[in-house]
Amino acid sequence: FDPRNFTRGALVADRRWSFDPVTLEGARALARPRREPAPFLAGPLPPMLAAVVEVEDLVRFARHPVRAFLRRRLGISVGDFSDEVEDGLRVELDGLKRWGVGQRLLEARLSGVDPRTASLAEIARGSLPPGVLGKPVIEEVLPIVEEIAAEVERSVGVDSPPASLDVRVVLPDGRLLSGTIPGVSGDVLRTVTYSRVAAKHRLTAWVRLLALTASHPERPFTAVTVGRAERRGPVTVARIRPPAEDSAGRREWAMAQLTALLDLHDRGMREPLPLYCATSAAYAQTSAAGRDAAAAGRKAWTSEWNFDREDSELEHRLVLGAVLSFDDLLAEPPRPDEAGEGWALSEATRLGRVARRMWDGLLACEELTTR
């Protein structure tokens, strides 16, 4: 794109060096005055006019708000969809494949399969490195699986197998909230994962518990999520218990929390909100505890040389225009309509206020335990 390629005599005497029309346009663009990049959207899109809100749409929004906006409103999926065929012999597993082994062993153990049979079935799948190379994987993963399974038996019990329950709730604005909630074991919404219990798992349980409670307030549902610990200890248990004791109180509480969540969802379907699952969780949790929320949010947002975090996610880079620092995110002030009841007015940034709107209700009735 160098303009000298198209300037007579600049590189070759008495003539131009290149006649490529594509690179000529690039050279002309380089010669024009530079402009600031345009924002991703000129302004918020019109509201979505849907009479029915699916529970799983709310779950997807809570887990990754920007991705949900791109897919539902713009029909855009961002990612690397290449599928390379392995042409070598696998001698060790990457993190995702190791997680798959752990998750399958955990599901087998929760179904009543003994450890030896579950391990032999995993070996027979061909997902492990060959021969004795696969043994260290089983020896590393299986004890963690046993810890999680034992905690499930202590916290939830395994007598009642999980089932699915339909929910239908008429919302205050007349829309219908509808869906099917999996993992209901008696009056417990059970989630068990070999993953580390993260913000996305906690939010998934939160949204589904609200829908269950609003639709079936006569049942005192609680949500229990069991998985690997983030740091200390092998297992973390996240338990959410509605604060109300009677049917009317539970329904009123669930409807109030759903109204706040749906308000965020409606805003997030008009434009990308500064709402990022792990970052917003770290910020809101630390801010609500009166500690340094900016430091916690910055740590959750900023990638390290050997570990990518939310600043490098493709969806965030697309809507933000680049890999922004956490201080750049904090520079945006709250909008005028992001105030009033249900908004944390003590937060001076838009990111902080939106994060607290998403997380305050959950944090008020969640108990996190690491064993």
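Position in the sequence shown counted from 1, then plus 781, gives you my numbering.
Beta carbons are placed, not taken as given, at the ideal position from N, Cα and C, and that holds for glycine.
None of these values were measured; they are calculated from a predicted model.
Can you check which of these residues, the options, is closest to residue i by C-alpha distance?
{"i": "Thr-1150", "options": "Leu-886, Pro-814 and Arg-1020", "result": "Arg-1020"}
{"i": "Thr-1006", "options": "Phe-842, Ile-929 and Ala-1103", "result": "Ile-929"}
{"i": "Arg-983", "options": "Cys-1058, Leu-958, Pro-917 and His-997", "result": "Cys-1058"}
{"i": "Ala-819", "options": "Ala-1103, Glu-1122, Gly-1121 and Trp-1124", "result": "Ala-1103"}
{"i": "Arg-841", "options": "Thr-985, Pro-1117 and Met-829", "result": "Thr-985"}
{"i": "Val-922", "options": "Ser-976, Asp-1047 and Ser-945", "result": "Ser-976"}
{"i": "Arg-854", "options": "Glu-1085, Leu-1144, Met-1050 and Glu-1096", "result": "Met-1050"}
{"i": "Leu-805", "options": "Val-918, Arg-815, Gln-1038 and Thr-788", "result": "Thr-788"}
{"i": "Lys-878", "options": "Arg-890, Ile-857, Ala-849 and Ser-908", "result": "Ser-908"}
{"i": "Glu-903", "options": "Arg-1072, Thr-974, Arg-885 and Leu-914", "result": "Arg-885"}
{"i": "Asp-1118", "options": "Arg-1138, Leu-1101 and Ser-858", "result": "Arg-1138"}
{"i": "Val-894", "options": "Asn-786, Gly-824, Val-926 and Phe-850", "result": "Val-926"}
{"i": "Arg-848", "options": "Leu-1144, Glu-1094 and Leu-1143", "result": "Glu-1094"}
{"i": "Glu-934", "options": "Val-973, Pro-814 and Gly-876", "result": "Val-973"}
{"i": "Glu-999", "options": "Arg-1013, Val-1018 and Ala-1025", "result": "Ala-1025"}
{"i": "Leu-993", "options": "Gly-1014, Val-951 and Leu-1099", "result": "Val-951"}
{"i": "Ser-892", "options": "Pro-846, Leu-1110, Pro-942 and His-1046", "result": "Pro-942"}
{"i": "Gly-1071", "options": "Pro-896, Ala-1125 and His-1046", "result": "Ala-1125"}
{"i": "Gly-967", "options": "Leu-1110, Ala-979, Gly-938 and Leu-874", "result": "Gly-938"}
{"i": "Ala-979", "options": "Thr-961, Thr-1017 and Ile-962", "result": "Thr-1017"}
{"i": "Ala-995", "options": "Arg-1013, Gly-1014, Pro-1015 and Pro-1023", "result": "Pro-1023"}
How would you label residue i, buried or exposed, when you count the other beta carbons within 10 angstroms and need 16 or more for buried?
{"i": "Trp-1140", "result": "buried"}
{"i": "Pro-827", "result": "exposed"}
{"i": "Val-969", "result": "buried"}
{"i": "Trp-1034", "result": "buried"}
{"i": "Val-836", "result": "buried"}
{"i": "Trp-1082", "result": "buried"}
{"i": "Pro-1055", "result": "buried"}
{"i": "Ala-899", "result": "buried"}
{"i": "Trp-1086", "result": "exposed"}
{"i": "Phe-1107", "result": "buried"}
{"i": "Asp-795", "result": "exposed"}
{"i": "Val-803", "result": "exposed"}
{"i": "Ala-944", "result": "exposed"}
{"i": "Ile-857", "result": "exposed"}
{"i": "Gly-1142", "result": "buried"}
{"i": "Asp-940", "result": "exposed"}
{"i": "Gly-912", "result": "exposed"}
{"i": "Asp-1092", "result": "buried"}
{"i": "Phe-1088", "result": "exposed"}
{"i": "Arg-813", "result": "exposed"}
{"i": "Pro-1045", "result": "Note on residue identity: the sequence assigns Leu, not Pro, to residue 1045. Buried."}
Taking the alpha helix (DSSP H) that residue i belongs to, which residues open and close that run?
{"i": "Ala-1065", "result": "1058–1069"}
{"i": "Leu-805", "result": "802–812"}
{"i": "Ser-1028", "result": "1028–1049"}
{"i": "Ala-1075", "result": "1074–1082"}
{"i": "Glu-1094", "result": "Taken as a continuous stretch (DSSP letters only), Glu-1094 belongs to no alpha helix (DSSP H), as it is neither H nor E."}
{"i": "Trp-994", "result": "The amino acid occupying residue 994 in the given sequence is Thr; Trp does not appear at that position. Where Thr-994 is concerned, the enclosing alpha helix (DSSP H) stretches over 980–996."}
Only counting the same chain, and skipping five residues up and downstream in sequence, which positions put a Cβ closer than 6 angstroms to that of residue i?
{"i": "Leu-870", "result": "Low per-residue confidence applies at Leu-870: pLDDT is 46, beneath 50, and the placement is therefore not dependable enough to give any value."}
{"i": "Val-833", "result": "Leu-957 and Ser-959"}
{"i": "Glu-1148", "result": "Arg-1020"}
{"i": "Lys-981", "result": "Arg-844 and Cys-1058"}
{"i": "Glu-1011", "result": "Arg-977"}
{"i": "Leu-822", "result": "Glu-1052"}
{"i": "Val-988", "result": "Leu-839, Val-840 and Ala-843"}
{"i": "Arg-1116", "result": "none"}
{"i": "Ala-791", "result": "Arg-785"}
{"i": "Ala-1136", "result": "Ser-1061, Tyr-1064 and Ala-1065"}
{"i": "Pro-825", "result": "Arg-1051 and Glu-1052"}
Could you give the first and the last residue of the continuous beta strand (DSSP E) run that contains residue i?
{"i": "Ile-857", "result": "That residue, Ile-857, is in no beta strand (DSSP E); it is neither H nor E in DSSP."}
{"i": "Arg-1154", "result": "Since the displayed the chain opens at 782 and closes at 1152, residue 1154 lies outside it and no answer follows."}
{"i": "Leu-923", "result": "Where Leu-923 is concerned, there is no enclosing beta strand (DSSP E), although the alpha helix (DSSP H) it sits in stretches over 916–936."}
{"i": "Ser-900", "result": "Counting along the chain, Ser-900 falls outside any beta strand (DSSP E), though it belongs to the alpha helix (DSSP H) covering 896–906."}
{"i": "Thr-972", "result": "969–977"}
{"i": "Glu-835", "result": "833–835"}
{"i": "Ser-959", "result": "957–966"}
{"i": "Thr-1017", "result": "1016–1021"}
{"i": "Ala-944", "result": "944–951"}
Is there at least one non-hydrogen atom of the ligand HEM closer than 7 angstroms to the beta-carbon of residue i?
{"i": "Glu-1148", "result": "No copy of the ligand HEM appears in this structure; indeed no ligand is present at all."}
Ignore the nearest five residues each way along the sequence and tell me which others in residue i's own chain have a CB closer than 7 angstroms to its CB.
{"i": "Ala-1074", "result": "Tyr-1064, Thr-1067, Ser-1068 and Gly-1133"}
{"i": "Leu-990", "result": "Leu-970, Phe-1002, Ala-1004 and Ile-1021"}
{"i": "Gly-1078", "result": "Thr-1060, Ala-1063, Tyr-1064 and Phe-1107"}
{"i": "Gly-964", "result": "Pro-943, Leu-970, Arg-971 and Thr-972"}
{"i": "Arg-852", "result": "Ser-858"}
Do we get a CB-CB distance below 8 angstroms when we pair residue i with the residues of chain D?
{"i": "Leu-1045", "result": "Among the protein chains of the structure shown there is no chain D, as only one such chain exists."}
Closer than 8 angstroms by C-beta to residue i: which residues in its own chain qualify, once you throw out the five before and the five after it? Chain order, please.
{"i": "His-997", "result": "Leu-946 and Val-948"}
{"i": "Gly-915", "result": "Ile-904 and Leu-909"}
{"i": "Glu-1113", "result": "Pro-1055, Thr-1130, Arg-1131 and Leu-1132"}
{"i": "Ala-831", "result": "Arg-956"}
{"i": "Leu-1144", "result": "Ala-1065, Gln-1066 and Ala-1069"}
{"i": "Thr-1165", "result": "Here the chain comprises residues numbered 782 to 1152, so residue 1165 is not present and cannot be evaluated."}
{"i": "Trp-798", "result": "Arg-785, Asn-786, Phe-787, Ala-791 and Leu-792"}
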